[in-house]
Amino acid sequence: MTLATGVGSLPGTDIAEAVRLVVGELPDLPHLPELPERGATATMTARALALVDLPSDLQPAGWRLTGPGGGTGVDQRRARSLLAQDLDQLEEQLDGYQGHLKVQVAGPWTLAATVERPRGDKVLADHGARRDLAQALAEGVRTHVADVRRRVTGAGPVVLQVDEPALAAVMNAQVPTASGFGRHRTVHPPELSQHLEWVFEAAVESGAEPWVHACAPGTPWALLRGAGARGLSVDFSVLAAEDRDVLGEALEAGDGVALGVVPSLGPAQPPTDRVLTDQVLAWLDMLGLDPEVASRRLLVTPACGLAGATPDWARRALALSREIAQHLS
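Under this note's numbering, the first residue of the sequence shown carries the number 61, and numbering increases by one thereafter.
This is the structure we're talking about:
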């Protein structure tokens with residue numbers, strides 16, 4: 061059976077309404093919504109830093125680690141409070157729920173590319189700092205997944221979606237330095253893989269299935285599978301031919317694939333569920349995959365997060381995802 065879910069972010073600032081929307085439109089695989097319009101303490105980066113045991117605070121340039129003895133700042137406490145409130149809403153509205161559930165967290169390389177060290181520039185610039193951040197994230201994931209499973213006791217399996225929008229830029233030396241005049245040096249595949257493995261293994265040990273989501277062209281999907289990702293969540297429109305082959309191999313191996321075929325922003329001429337369903341079927345046919353077999357590990361999602369969409373399109377995008385999944389089933 062093909063399921064539908066969301067990527068993570070939604071427009072608006074009302075978490076109760078966001079959870080109601082997700083539960084109503086995606087009853088077979090709801091997810092914990094993210095509402096970045098609430099401010100810097102509700103962004104993807106903030107939610108991940110809320111999980112780690114490394115003190116941080118907000119600076120004009122963004123989030124920064126404060127180093128030993130820095131203490132938990134007011135911004136990090138606010139991020140933790142918002143996450144706890146969101147989990148309270150999820151727990152309340154999924155009371156008695158039995159089924160799949162998904163939560164999201166920013167991955168180690170996206171964090172390293174967006175968070176600053178205590179003395180400036182990105183964590184990415186320091187081998188030891190990025191190692192420490194990845195290991196702290198892995199420990200935070202263990203605690204987070206355990207908390208989710210405690211709150212929603214009927215959830216199973218829990219999918220942990222690791223968001224890595226910056227992974228391709230890290231791998232290809234495209235992340236700007238603090239001055240803006242240079243680029244951080246590339247990180248080589250063995251180190252990329254190791255840091256991801258720490259997070260994926262923590263998810264598995266906590267009873268979750270690790271997936272990865274990225275919307276950026278050039279994302280190394282084969283590397284992610286090799287590091288232990290059991291599911292790949294992609295923007296279908298930016299995939300290269302070789303990427304589609306990797307997804308086909310994942311489905312054949314029994315791993316999951318979430319195809320982001322619904323536009324994240326409302327287009328002038330919205331596509332119909334039938335047109336988008338035909339795109340998925342044509343892709344499966346091109347790969348020589350039996351739709352009935354592939355549908356057991358195939359999901360349908362919007363192409364990327366919906367934070368930039370209008371509320372009407374966000375609702376329609378989730379509904380379209382559900383309708384396409386029903387057709388494929």
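Cβ atoms here follow ideal geometry from the backbone N, Cα and C, with glycine treated the same way. Bear in mind the structure is a predicted one, so any value in this text is a computation, not a measurement.
Start-to-end residues for the beta strand (DSSP E) that takes in residue i
i      : result
Pro270 : Ala268 to Ala274
Ser293 : Gly291 to Asp295
Leu359 : Leu358 to Pro362
Gly122 : Gly122 to Leu125
Status (buried if at least 16 other CB within 10 Å, exposed otherwise) for residue i
i      : result
Leu103 : One detail in the question is off: residue 103 reads as Thr in this sequence, not Leu. Buried, because 16 or more other Cβ atoms sit within 10 Å of the Cβ of Thr103.
Gly240 : exposed
Pro280 : buried
Thr65  : buried
Val134 : exposed
Gly320 : buried
Arg357 : buried
Pro250 : exposed
His160 : buried
Gly316 : buried
Met231 : buried
Arg107 : buried
His187 : exposed
Best match in the options for proximity to residue i [C-alpha to C-alpha]
i      : options                           : result
Ala173 : Thr126, Thr246 and Ser266         : Thr246
Leu284 : Ala144, Glu176 and Asp303         : Asp303
Leu89  : Pro277, Arg334, Leu197 and Val67  : Val67
Ala354 : Leu341, Cys364, Val335 and Gln195 : Leu341
Gly288 : Asp295, Pro277, Val298 and Ala262 : Ala262
Val272 : Ala310, Thr237 and Ser297         : Ala310
Lys162 : Arg137, Pro120, Ala318 and Val175 : Ala318
Gln339 : Leu388, Gln254, Val264 and Gly200 : Leu388
Arg334 : Asn232, Val322 and Ala328         : Val322
Gly278 : Asp223, Leu299 and Leu154         : Leu299
Ser141 : Glu352, Val183 and Ala110         : Ala110
Gly99  : Thr73, Pro331, Glu265 and Pro120  : Thr73
Ile384 : Asp223, Asp372 and Pro362         : Pro362
Arg290 : Phe296, Ala301, Leu307 and Arg210 : Leu307
Asp223 : Gln164, Thr237, Pro330 and Ala139 : Gln164
Gln145 : Val183, Val79, Pro115 and Asn232  : Val79
Glu151 : Arg209, Asp350 and Gly326         : Arg209
Range covered by the alpha helix (DSSP H) that runs through residue i
i      : result
Ala166 : Unbroken run through Ala166 is the beta strand (DSSP E), Gly159 to Ala166; no alpha helix (DSSP H).
Asp58  : Given a span of 61 to 389 for the chain in the structure shown, any question on residue 58 remains unanswerable.
Gly188 : His187 to Arg211
Gln119 : Not the alpha helix (DSSP H): Gln119 falls in the beta strand (DSSP E), residues Ser116 to Gln119.
Val109 : The question names Val, but residue 109 is Leu in the sequence shown. First-last of the alpha helix (DSSP H) with Leu109: Met104 to Leu109.
His381 : In the sequence as presented, His is not what sits at residue 381; that position holds Ser. Pro371 to Leu388 is the extent of the alpha helix (DSSP H) around Ser381.
Gly84  : Ile75 to Glu85
Ser239 : Neither: Ser239 is in no alpha helix (DSSP H) and is coded neither H nor E.
Glu10  : Since the first residue of the chain shown is 61 and the last is 389, residue 10 is not available in this structure.
Gln145 : Val134 to Gln153
Thr337 : Asp333 to Leu347
Ala229 : Leu227 to Met231
Ala282 : Trp281 to Ala287
DSSP bridge partner residues for residue i (one or two, in chain order)
i      : result
Val219 : Lys162 and Glu269
Ser69  : Glu94
Leu63  : Leu359
Val322 : Pro362
Glu176 : Arg124 and Lys182
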